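Below: one structure, written as structure tokens.
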Ligand SMILES: [Zn+2]
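Numbering (our numbering), first residue to last: 48 to 303.
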């Protein structure tokens with residue numbers, strides 16, 4: 048059972064922001080700061096004061112609100128040691144294997160490079176949550192801006208190895224587009240078809256498609272299924288290495 052309250056909302060056009068509130072300890076974190084004004088409005092509406100910002104990566108649509116929020120609230124900004132120079136207002140640097148406390152919860156730091164070289168994911172094992180930023184999306188993954196296919200593949204494998212009941216929160220509402228790509232590659236996957244229908248219904252109702260349990264992603268996300276014979280065959284890569292299958296999937300998605 049989690050003692051955390053979770054508030055997820057969209058800002059900018061398709062960025063997710065999530066507020067985590069631990070009422071017992073009176074702490075509130077935002078995962079990334081896409082838009083200070085939108086986060087401020089949400090905090091005000093909930094009657095919360097921001098105490099922490101957990102930054103997944105340096106891109107402006109994840110850090111653009113850092114300095115304004117820090118100035119207004121004095122929140123502590125936590126991010127990758129590797130991105131010390133690129134994350135505005137960084138107070139505390141963390142790296143692979145670090146665990147820090149947020150209220151009642153341990154937070155484990157996972158380095159998940161590929162989209163950027165300093166990308167982090169934050170795993171809250173007791174609350175069964177993971178925040179994957181622009182590394183793992185529902186039914187997809189982030190583009191390779193600074194890393195190699197091999198790095199991203201290993202980052203995704205690290206996330207895939209978390210407990211299957213873990214709820215995934217990510218950086219963007221890209222699930223419908225990702226699902227339309229996935230179904231072309233993996234058309235006979237019944238779990239994927241069902242997820243895609245569900246995603247379409249959610250989007251029609253203007254509802255978010257996240258969070259999603261890792262167990263469902265493992266059945267439906269082609270980027271986590273590179274050892275699947277049907278996916279390999281669809282790409283003309285039967286028997287190829289999982290990294291080669293991943294790289295081809297990513298290349299095709301870039302042009303989808
Ligand atoms: Zn990004």
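All C-beta atoms, glycine included, are put in the ideal place defined by N, C-alpha and C. Every value quoted in this text rests on a predicted model; they were computed, and no experiment measured them.
> Which one of 234, 169, 223, 270 has the shortest CA to CA distance from residue 249?
Replying inline: Per the Cα distances, 223.
Check: Is it buried or exposed for residue 272, if we count other Cβ within 10 angstroms and need 16 for buried?
Finding: Its Cβ being crowded by 16 or more others within 10 Å, residue 272 is buried.
Exercise for the section: With a threshold of 7 Å, establish whether the CB of residue 189 neighbours any heavy atom of ligand 1. Expected result: Yes, the beta carbon of residue 189 sits closer than 7 Å to at least one heavy atom of ligand 1.
Counting pairs of Cβ atoms below 8 Å between the segment 190 to 206 and the segment 234 to 253, do you hit three or more? Output reads no: the segment 234 to 253 does not touch the segment 190 to 206.
Hey, is residue 138 close to ligand 1, as in C-beta under 7 Å from one of its heavy atoms?
Residue 138 Cβ: outside cutoff for every heavy atom of ligand 1.
- Message: Can you tell me whether residue 306 sits near ligand 1, meaning its C-beta is under 7 Å from at least one heavy atom of the ligand?
- Response: Since the displayed the chain opens at 48 and closes at 303, residue 306 lies outside it and no answer follows.
For residue 149 and residue 74, which I take to be in contact (beta-carbon distance under 8 Å), what is that distance rounded to the nearest angstrom?
Going by Cβ atoms, the distance from residue 149 to residue 74 rounds to 6 Å, so yes, they are a contact pair.
Cα separation between residue 56 and residue 187? Per the coordinates, the alpha-carbon of residue 56 lies some 20 Å from the alpha-carbon of residue 187.
### Query
What residue does the beta strand (DSSP E) around residue 158 start on, and which one ends it?
Where residue 158 is concerned, the enclosing beta strand (DSSP E) stretches over 152 to 158.
What's the C-alpha gap between residue 185 and residue 268? Those two C-alpha atoms are separated by around 7 Å.
Measuring straight from C-alpha to C-alpha, what distance separates residue 286 and residue 277? Going by the C-alpha atoms only, they are around 11 Å apart.
Review point. What three-state label does DSSP hand residue 172 in the structure shown?
Key: Three-state result, residue 172: coil.
Between the CA atoms of residue 76 and residue 167 - distance to the nearest angstrom: In a straight line, the C-alpha of residue 167 is about 16 Å away from that of residue 76.
**Request:** For residue 228, collect the residues of the same chain with a Cβ closer than 6 Å to its Cβ; drop the 5 residues on either side in sequence, then sort them by chain order.
**Result:** So the list reads 300, 303, once near-sequence residues are dropped.
Let me check understanding here. Comparing Cα to Cα, which of 106, 72, 110 lies closest to residue 82? Of the listed residues, the one whose Cα sits closest to residue 82 is 110.
Heavy atom of ligand 1 within 7 Å of residue 106 beta-carbon: With a threshold of 7 Å, the Cβ atom of residue 106 counts as near ligand 1, since some heavy atom of the ligand is closer than that.
Apart from the five residues on each side of it in sequence, which residues of its chain come closer than 8 Å, Cβ to Cβ, to residue 123?
Apart from sequence neighbours up to five positions away, the residues of its chain that approach residue 123 with a beta-carbon distance below 8 Å are 98, 99, 100, 138, 139, ordered along the chain.
request  = Compare the C-alpha of residue 210 against each of 261, 298, 80 and name the closest.
outcome  = Per the C-alpha coordinates, the member of 261, 298, 80 positioned closest to residue 210 is 261.
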